[in-house]
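Take a look at the structure below.
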Ligand SMILES: Cc1cc2nc3c(=O)[nH]c(=O)nc-3n(C[C@H](O)[C@H](O)[C@H](O)COP(=O)(O)O)c2cc1C
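Residue numbers (our numbering): 5 to 226.
What follows is the structure, encoded as structure tokens:
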């Protein structure tokens, strides 16, 4: 697949076919994607790939934690957004809810949508990216971002869709219970991965982007 086409057409996939992703395919994607750059080539990423019973147990654990009223306690602090950032966040939710036919006041449907995220969007596999707790924020966090996007792009070559997300690892104790990821590692993000269900309405979303002139300045050009 052409790299520009992959970048242009990649989108977050939030509905998947149940078909499993062969381990060999996931391995190939990760072998390619770990060509990603990292600060001083430190390659700080720790990659945990989950599928089958393990992933189902995590899904169940996440939903149990959520429905028991437990507050999410991710390994990495999540900031609340304000101003234009909050606006964009709301805009995304509005777009998704519109596509899914979820009314603003329908708390039950909104809750069900949230649970979907905590279930890794029912994807057949997920990739969790972690960092050793001894590492600071930069460049390792940037390295994780580069790897995550590269995984998503490489996956497209195999007809796979992805959704980078934080929801799946909001209850890290659940993920630790079923994967053995030690306390010395910080889970940064996870990527749901599988074959897209193109009939799933939220997959029709094309998220917005700010025009370049709103976020880019040029210096030294004619
Ligand atoms: C670090 C990170 C965390 C994200 N967490 C979530 C999440 O928890 N739930 C979700 O539905 N999407 C999540 N997303 C996906 C974004 O909402 C999505 O990338 C953004 O809306 C742009 O849409 P696109 O990926 O379709 O281009 C996350 C993306 C990133 C990069």
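Where is the CB? At the ideal position from N, CA and C, for every residue including glycine.
{"Check": "Tell me whether residue 116 is buried or exposed, calling it buried when 16 or more other Cβ atoms sit within 10 Å of its Cβ.", "Outcome": "exposed"}
{"Check": "Answer with buried or exposed for residue 137, where buried requires no fewer than 16 other C-beta atoms within 10 angstroms of its C-beta.", "Outcome": "exposed"}
{"Check": "Note down the Cα distance separating residue 63 from residue 217, rounded to an integer number of angstroms.", "Outcome": "42 Å"}
{"Check": "Identify the continuous beta strand (DSSP E) that holds residue 114 and give its terminal residues.", "Outcome": "Element bounds for residue 114: not the beta strand (DSSP E) but the alpha helix (DSSP H), 111 to 122."}
{"Check": "Do residue 171 and ligand 1 come close, with the Cβ less than 6 Å from some heavy atom?", "Outcome": "yes"}
{"Check": "Looking at C-alpha atoms only, which residue of 55, 71 and 189 is the closest neighbour of residue 79?", "Outcome": "189"}
{"Check": "Looking at residue 181 and ligand 1, is the gap between the Cβ and the nearest heavy atom below 6 Å?", "Outcome": "no"}
{"Check": "What are the boundary residues of the alpha helix (DSSP H) that includes residue 180?", "Outcome": "176 to 183"}
{"Check": "Closer than 6 Å to a non-hydrogen atom of ligand 3 - does that hold for the CB of residue 165?", "Outcome": "Absence of ligand 3 from the depicted structure is noted, with ligand 1 being the only ligands included."}
{"Check": "Drop a sphere of 10 angstroms on the beta-carbon of residue 49, count the other beta-carbons inside from all chains shown, and report buried for 16 or more, exposed for fewer.", "Outcome": "buried"}
{"Check": "Looking at residue 99: is its Cβ nearer than 7 Å to the Cβ of residue 209?", "Outcome": "yes"}
{"Check": "Could you check the C-alpha separation between residue 204 and residue 144 for me, to the nearest Å?", "Outcome": "35 Å"}
{"Check": "Is it the case that the CB of residue 21 approaches a heavy atom of ligand 1 more closely than 6 Å?", "Outcome": "no"}
{"Check": "Output the distance between the C-alpha atoms of residue 163 and residue 28, rounded to the nearest integer angstrom.", "Outcome": "14 Å"}
{"Check": "Just list the alpha helix (DSSP H) runs in the region 44 to 128, keeping only unbroken ones of 4 residues or longer that don't cross its boundaries, in chain order.", "Outcome": "56 to 71, 87 to 104 and 111 to 122"}
{"Check": "Tell me which same chain residues have a C-beta within less than 6 Å of the C-beta of residue 18, skipping the five on either side of it?", "Outcome": "125, 167 and 206"}
{"Check": "Roughly how many angstroms lie between the CA atoms of residue 85 and residue 44, to the nearest whole one?", "Outcome": "31 Å"}
{"Check": "Given 8 Å as the limit, is there contact between the region 154 to 161 and the region 100 to 109, that is, 3 or more CB pairs closer than that?", "Outcome": "no"}
{"Check": "Looking at residue 199 and residue 23, is the spacing between their C-beta atoms short of 7 Å?", "Outcome": "yes"}
{"Check": "Rounding to the nearest angstrom, what Cα-Cα distance links residue 77 and residue 25 in this structure?", "Outcome": "29 Å"}
{"Check": "How is residue 163 classed by DSSP in three states: helix, strand or coil?", "Outcome": "coil"}
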